[in-house]
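Going left to right, the sequence shown walks through residues 63 to 231 as this note's numbering numbers them.
Glycine is no exception: its CB is placed at the ideal position from the N, C-alpha and C atoms.
Worksheet: the structure to be examined is printed underneath.
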Amino acid sequence: MEGTIRIAGTVGESIVDGPGIRYTLFTQGCPHHCPGCHNPQTHDFAGGKEVALDTLLADMCRNPLVTGVTFSGGEPFCQPEQLYRLAVELKAKRKHLMAYSGYTFEQLMELPDPFVKKLLGQLDLLVDGPFIEAERNLELRFRGSANQRVLDVPASLAADAPVWAEQYR
63 MEGTIRIAGT
73 VGESIVDGPG
83 IRYTLFTQGC
93 PHHCPGCHNP
103 QTHDFAGGKE
113 VALDTLLADM
123 CRNPLVTGVT
133 FSGGEPFCQP
143 EQLYRLAVEL
153 KAKRKHLMAY
163 SGYTFEQLME
173 LPDPFVKKLL
183 GQLDLLVDGP
193 FIEAERNLEL
203 RFRGSANQRV
213 LDVPASLAAD
223 APVWAEQYR
């Protein structure tokens, strides 16, 4: 697979970034700059490093115990074409896909880049909305603040409206 993506880093085995054992990709660059962000080092669009998509895909599929991949950041939807290309390959390998975004589902649906919707079409779950420090709650599963939602993406796309993944409400 040709192309590169700018990343802040990866975690080869995570149990906190989604269900099961997951590979987490932290994209570089974020326009949101949420106060209290867990990953402020990912905000600079010129930071991080460029990595070949095929190198990343091979690394994501190296460990047979990893059942899913999470796109985090930074803001993954600032690099939707590259992530879409990865997502298609990962789905073909039966990986569960999830993303975190500071945008809400409704905002993502309004973005003009066609790869945003294409990427959404590959995802199983989406944690949407900005981190709000005043709503921080460490007891929430897979999200940092109470305003964020864990959405069932296929159901949300079918309904053209956000649909909670009930097991994470």
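Checklist entry - For residue 217, which option in 196, 184, 193, 192 has the closest C-alpha, if you only look at C-alpha atoms? => result Ranking 196, 184, 193, 192 by Cα distance to residue 217 puts 184 first.
Checklist entry - At which residues does the alpha helix (DSSP H) containing residue 154 begin and terminate? => result 142-154
Next on the checklist: Short of 8 Å in beta carbon distance, which residues of its chain neighbour residue 116, apart from the five on each side in sequence? Order them along the chain.
Outcome noted: 63, 64
Item to check | Cut-off 6 Å between Cβ atoms - residues of its own chain near residue 94, not counting five sequence neighbours on either side | outcome: 164, 192
Next on the checklist: Whole angstroms are fine: how far does the CA of residue 166 sit from the CA of residue 124?
Outcome noted: In this structure, the alpha-carbon of residue 124 lies about 32 Å from that of residue 166.
Checklist entry - Near residue 228, which residues of its chain fall below 7 Å by C-beta distance, leaving aside the five closest residues on each side in sequence? => result Cβ neighbours of residue 228 beyond the five flanking positions: none.
Checklist entry - Looking only at its own chain, which residues have a Cβ that is under 8 Å from the Cβ of residue 126, when we skip the five neighbours before and after it? => result none
Checklist entry - What separation, rounded to the nearest whole angstrom, lies between the Cα atoms of residue 172 and residue 133? => result 20 Å
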